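Quick note: the sequence shown, position 12, residue 12 per the numbering used here, numbers continuous. Ideal Cβ placement from N, Cα and C applies to all residues, glycine included. Computed from a predicted structure; not experimentally measured. See below for the structure under consideration.
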Amino acid sequence: LQAAGHTDQVQDTIDYAQVFRLVEGIMTTTRFHLLEALAEHIAQNLLQSFRAIQGVEVTVYKPDAPVEGEFEYFAVKIFRLQK
């Protein structure tokens, strides 16, 4: 991200629209039973699709989890590094 901070050019960073489309595609075409599995799938796809990413933090929120009781949401946060 340092280069983009200096040049202000999209070609020097990760295109957020491409990231959005990738995550949207995962969310709309694949079903997961666990938040952990969804977060892992998103992280691995981002790292494979954008080699410039050295590490990624993914947080998945589920406001309507099948849990009895009052809660705002459940969430899982993971951090993965490029191999």
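Are the Cβ atoms of residue i and residue j separated by less than 8 Å?
i   : j   : result
L35 : F74 : yes
A52 : I26 : no
L59 : H41 : The residue you asked about is not Leu; residue 59 is Thr in the sequence shown. It is not a contact, given that the beta carbons lie outside the stated cut-off.
F79 : E57 : yes
L46 : V19 : yes
Could you name the residues that DSSP lists as bridge partners for residue i?
i   : result
E36 : Answer is none; E36 lacks a bridge partner.
Y61 : A75
R80 : V56
Please check the pair residue i and residue j, which I expect to be a contact at CB under 8 Å, by giving their CB distance rounded to whole angstroms.
i   : j   : result
Q82 : Q54 : 5 Å
Residue i: beta carbon under 7 Å from a heavy atom of the ligand SAM?
i   : result
I26 : Annotation note on the ligand SAM: not contained in the displayed structure, which lists no ligands.
Assign residue i to one of three DSSP states: helix, strand, or coil.
i   : result
G69 : coil
L86 : Given that the chain is displayed from residue 1 to residue 83, the structure contains no residue 86 and the question cannot be resolved.
I14 : coil
L1  : coil
Q44 : helix
T30 : coil
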